[in-house]
Structure formats: C-alpha cells, structure tokens
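Presented below is the structure to which this report refers.
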Amino acid sequence: YRDDAGRVQRRVMRQLGNANDYTSESLERIGRQLMEIAKGPTPEPQNIREISRHNYGFPLVLHQLLRLYDLDVLLRRLGRKHNLRFSLLENLLLMLCDRFNDPLSKLGSYNLQNEYTGLSHGIGLQHIYRTLDYLAVNNDIIQTHIYNRNRNLLNYELDVVFYDVTTFYFDSEVQKEGALRQLGFGKDGKIGKTQILFSLLIDKNKVPIGFQIFKGDKYEGHTFEKAIDKLKAKYNIKRIIVVADSGMLNTDNIALFDKGGTAECFEYIVGDRIKSMSEPAIQHLTNLTNYTTVIIKDSEGKDIPLQYCTYQYKGRTVICTWSESRAKKDKAEREEKIVKAKKMLKQPSNIEKKAKRYFLKNTGQQKYELDQQKIDHQVRFDGFKAIATNVKDVTPQLALEKYKDLYKIEQSFRSFKTYFETRPMFHWTDTRIEGHIVLCYISFCMLTFLQNKCGYSEQAIRRLLSKMELSKIVQDGEVLWLRSASSDQEEHLLKTIKLKQLPTAISDATIATHLPPRL
22 YRDDAGRVQR RVMRQLGNAN DYTSESLERI GRQLMEIAKG PTPEPQNIRE
72 ISRHNYGFPL VLHQLLRLYD LDVLLRRLGR KHNLRFSLLE NLLLMLCDRF
122 NDPLSKLGSY NLQNEYTGLS HGIGLQHIYR TLDYLAVNND IIQTHIYNRN
172 RNLLNYELDV VFYDVTTFYF DSEVQKEGAL RQLGFGKDGK IGKTQILFSL
222 LIDKNKVPIG FQIFKGDKYE GHTFEKAIDK LKAKYNIKRI IVVADSGMLN
272 TDNIALFDKG GTAECFEYIV GDRIKSMSEP AIQHLTNLTN YTTVIIKDSE
322 GKDIPLQYCT YQYKGRTVIC TWSESRAKKD KAEREEKIVK AKKMLKQPSN
372 IEKKAKRYFL KNTGQQKYEL DQQKIDHQVR FDGFKAIATN VKDVTPQLAL
422 EKYKDLYKIE QSFRSFKTYF ETRPMFHWTD TRIEGHIVLC YISFCMLTFL
472 QNKCGYSEQA IRRLLSKMEL SKIVQDGEVL WLRSASSDQE EHLLKTIKLK
522 QLPTAISDAT IATHLPPRL
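First residue of the sequence shown: 22, per the working numbering; consecutive thereafter.
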C-alpha cells in the first residue's frame, strides 16, 4: 500500500511460516485463512479433526526467563558438577509451569506434563523429587546468582530494603526434634499445625533480595540478625536503611545498629510500641497538643492531614502519628471484645484460655470479671501508632512514607501463599522442604520481573499465558498445528522479554523449531 506521501509501505498482517515447509494441501488451508482475514467467502473445511490441544505460553515464556536469568547455564553447570543423568532444567521448567498455571503437587505435575507443548515429555517422578533435593543443596548459590542477575535486569534500588517474616504451615501435627517443621505461633490461624518460618528481603520495587527459612518454633525477632549478616557478608552492601515491623524491635536487634554491632553501617526504620515505653514518653506521645499537622498526598493523589510528633527515646527518634479514623477503629474493636467478654462471663468454663484476650481478670477460685483498669489503659492509646528510626538526615514525613511501603512485603507473602500456593506443604524432610521453597522463590522472582517489565497484575499474567494454546489437527491425513488468537497484551508481554509470537499455522515437521529447545 502507499502512505499519505505516496511512498510504498509494507505491513505484516499475520505470520504464516515458510512456504517451503508446506504441501499444496497445507497451502490451500492457509489460503482459506487468508480469505477469512480478507472477509471473503471461504469453502467449508473437509475431513478436519482436532487431535489434541496444548498450552505453549507457560513453557515458552518461562524458558525465556530462565535464559534471561542465565539459570539455564547455572543449572547445566550444577548438573555436570553432581554428575546427573537427568536435566535439572527440564524438571524445574515443568514445576515452574505448574506454579504459574495451577499449583499442583509434584505428583500432579508428573501426571499432567503432557498438557504443555515445549517441554521434554517423559520426565520421571523420581527426577522431579531429586531436582528439589539439588535445589536445596544449591540454595545459596541460586539466591546469590539471582541477586546478581537482578542487579543487571532490574537495577536494584538498595537505598531502602524491607524485611519481614511469615509462616508456612503443613497439613500435619507431627513434629520431629531438631527438624525445621515444628509447632509454633502461626500467622495463618492454623492452630495445631506444624510450620516453618520464612523471612524475605525485598527492595522498594518488590524485587527480591533473598530469603531464609527457620524452625517453626523460632521467635521471629531472632531471625533479624541473620538477615543483616546476609546483607553485609554475602551481598557486600555498605549503607542501607532496613525497614521492618514492630516484631523486629527488641533490645538485641537495635544493638546490632550501634557502634561495634553487626549492622553499625546500616540504618533502620521499624515499628515501635508506645505501650512499652516509660511514662514520660507515653505522656508526651499521647498529648495531641504536641502534634504538628501537615498535608500529604494519599495513594490516589488526594490531600489528607497527617498529625505527628517526635520524641528522642533510648538513642532512637520515635515518630508517632494520630488518626481519628484509626481511633474509631481501635474503639470499635475494643467494644466488640467487651461484648464477647460479657457473654463469656455467663459461661465461665470457656473463659480460662481466652480471658487475657477479652479484658477479663481472674479474681480467685476461677471467678472472672471485666478488667476495667486494662480497658481504661487501652483507651489511652486509641488512634496512636509509632515508628522508630536512627536515620539522622530523614524528615518525619519521609520516614513515615518509607515505613508505609512495608505493605509491599505483605503483598509478596500473599503471592507466595495464594498465587503460588506455597502452603500447605506436603514435604516432610528438611531437604525437600527447602527445595520446595527455592522453587517458589524462583517462581516469585520471575513473576516480579514480569510485573515490573510489563505492568500487568499476577492474575493478568496467568490469564494471558493460559490462553496461549496450540491445537494439533489432522486434515486428509496431514498434521498441522494452529495457534490460538493473540491479543495486544500478549504481544506486549512477549516483546518485553524479547520473544516473537508463533506463526498462526505450523507444519508438524517444523513445530519443534518454534518451541523451546530441549533443555
């Protein structure tokens, strides 16, 4: 066609492959497709039958991500190091596909591997489990490798890092002394289930820096020092602000940042607890006449008032905020507990284990009454929330803004738990547990990469990849592969990771050249 200036231009409407790859019958079928594009009359197809339908989106995209991260090179090298007679990459790619598509057990991955095109079929179940073992053995190597690749692929912004801990539970109540799987305080509300602790470090863009796992009965505050050691020793990070919630605030952890401590070159912004402070500090921080009001922007760009005050306490700057809406919420939650407490007083047999939680006190001989002194004490703190920092050159507004970004690590945990269904876990040895976590961590790193590059939500990515299918058809004895229709979002995703879309029709003889090579 000619453009407005009269110059001859070309536009590719659809890729159909190489004409030399097709028989005359195949070209005739392609001609019918061209007539459809041109909205012309097309003859009805004769003797055509679909043999099978396979997803190619997950293998194609995840194989490319393995290449972008150079994990294909790393795992081939590890395979040679361990003299393996099976491919770590083949097994890893299959498990990654299922994590992104529809998280399954390892047995489920083995049974349904033929649903994908672009994988090496015939993967053995024992090799899937052994791959988990080798992921565990090489956990530190893999994490360091991903960290170094992320520095190039996503340009880490490591002036601020976020740290938090969560729990992953097992569908079991049996624990073994010394093992990772232990009974402990779970964050999923699964009482009586064994669990492990999982700690994660991310940057301000949710790009993962590293993770660690601990026994399920470990106190989360005691994981902090190991995370700091990792930042300093393994990643050689010199100056950084660590942001964490109040669960990390204890005397030992704060001492890490003092002169001579493990993290003396680091700084922190952490959640603080007003209730545990001295009476002079409490009086100052709960007196609203000490507060300054400034106008800030919320997530939607609207102006909202922020009330805050600062107080120097035990070598740290405490920044406390007060919110009317938070005060109403605190009051409503307390009144709800008081209503439940009054109901419980009518059934004393149900009180013993829950009394402390519902403002009840034991007056002797298993008799209970409302603890009005405790209720009055709680009222004093309605609407107040504090953080603490040792950063010298940060304004209160900026420190609060950084702490507010801690929600990003909560989103990350949600991805692990809900999107990748990391738990409940059905592995029972420490090695298999660690291998499963490494698999989910690699999956999370790749998901984060796609989200940062494409701007799509995790569910949008899953939908796009799940719609990328190939139909294997036969007509008059000849086999042909037809690709599903492509969307603009799909094309954008592929372009972002330097991939081209498959042709609309592919002969059976050349299908292998369009799919990921054997790993």
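We put the CB at the ideal spot given by N, CA and C, even for glycine.
Nearest to residue i (by Cα), restricted to the options the options
i, options, result
"K350", "Q399, T152, K519", "Q399"
"E354", "K323, F402, K335", "F402"
"S130", "Y137, G139, D119", "D119"
"R444", "K102, P124, K352, D154", "P124"
"T469", "P80, P301, S505, N171", "N171"
"K127", "T272, G456, S505", "G456"
"L113", "L366, T517, S464", "S464"
"I290", "I316, Y477, R337", "R337"
"V158", "T452, T272, P537", "T452"
"T410", "L204, I217, R106, N274", "N274"
"S507", "Q496, V495, E490", "E490"
"S220", "A200, E246, I212", "E246"
"T313", "T331, M446, D319, M298", "T331"
"I317", "S433, E422, H243, A481", "E422"
"L115", "R98, K253, S141, Q85", "S141"
"L460", "G139, V94, L156", "L156"
"F107", "N76, P524, R151", "R151"
Boundaries of the beta strand (DSSP E) in which residue i is found, first to last residue
i, result
"T342", "337-343"
"N383", "381-385"
"N169", "Where N169 is concerned, there is no enclosing beta strand (DSSP E), although the alpha helix (DSSP H) it sits in stretches over 160-174."
"L470", "For the sequence presented, residue 470 should be read as Phe rather than Leu. No beta strand (DSSP E) holds F470; the alpha helix (DSSP H) holding it covers 451-475."
"R31", "Counting along the chain, R31 falls outside any beta strand (DSSP E), and DSSP gives it neither H nor E."
"Y389", "388-391"
Distance, residue j Cα to residue i Cα
i, j, result
"T310", "D209", "40 Å"
"Q134", "R483", "18 Å"
"I527", "H535", "9 Å"
"N68", "E499", "10 Å"
"L92", "L110", "8 Å"
"L540", "I262", "For L540, the pLDDT reaches just 47, beneath the cut-off of 50, and the residue's location in the model is therefore unreliable, leaving the point undetermined."
"Q328", "Q418", "10 Å"
"Y543", "M269", "The question about residue 543 has no answer, for the chain in this structure spans 22 to 540."
"L174", "F183", "20 Å"
"K493", "N122", "21 Å"
"K214", "K239", "15 Å"
"K352", "G292", "21 Å"
"D154", "H103", "12 Å"
"D497", "R70", "9 Å"
"I249", "I258", "10 Å"
"L105", "L96", "11 Å"
"R101", "F441", "30 Å"
"K197", "I217", "13 Å"
"L89", "M467", "10 Å"
"T450", "S193", "13 Å"
"D180", "R260", "7 Å"
"G205", "L381", "25 Å"
"S505", "D529", "16 Å"
"E288", "A276", "12 Å"
"S297", "N271", "11 Å"
Paired residues, beta bridge with residue i - DSSP
i, result
"V291", "A265, A409"
"M116", "Note: M116 sits in no beta bridge, so no partner."
"H75", "L491"
"G231", "L222"
"M446", "F191"
"T314", "Q328"
"L503", "S492, A526"
"F402", "Its beta-bridge partners do not exist; DSSP assigns none."
"L204", "T215"
"Q333", "T338"
Span of the alpha helix (DSSP H), counted from its first residue to its last, around residue i
i, result
"D273", "272-276"
"E431", "428-435"
"Q510", "509-517"
"E422", "417-425"
"L306", "300-306"
"S130", "127-132"
"E246", "245-250"
"E98", "The residue asked about is misnamed: residue 98 is Arg in this sequence, not Glu. Where R98 is concerned, the enclosing alpha helix (DSSP H) stretches over 92-102."
"H142", "Note, H142: premise wrong, no alpha helix (DSSP H); not H, not E."
"A533", "532-535"
CB contact below 8 Å: residue i versus chain C
i, result
"R453", "The structure shown contains no chain C; it is built from a single protein chain."
Practice task
Please confirm if the stretch 161-173 is in contact with the stretch 229-236, defined as three or more CB-CB distances below 8 Å between the two stretches.
Solution key: yes
Handout entry: contact_flag[the stretch 296-308, the stretch 271-286] where n(CB pairs < 8 Å) is 3 or more
Key = no
Exercise for the section: Would you be able to state if there are at least three C-beta pairs under 8 Å between the stretch 187-194 and the stretch 139-151? Expected result: no
Practice task
Decide yes or no for the touch test of the stretch 334-342 against the stretch 406-415: beta carbon pairs closer than 8 Å, at least 3 of them.
Solution key: yes
Problem - Three or more C-beta pairs below 8 Å linking the stretch 78-88 and the stretch 515-527 - result: yes
Practice task
Mind the definition here: the stretch 378-397 touches the stretch 309-328 only if three or more C-beta pairs lie below 8 Å; say whether that holds.
Solution key: no
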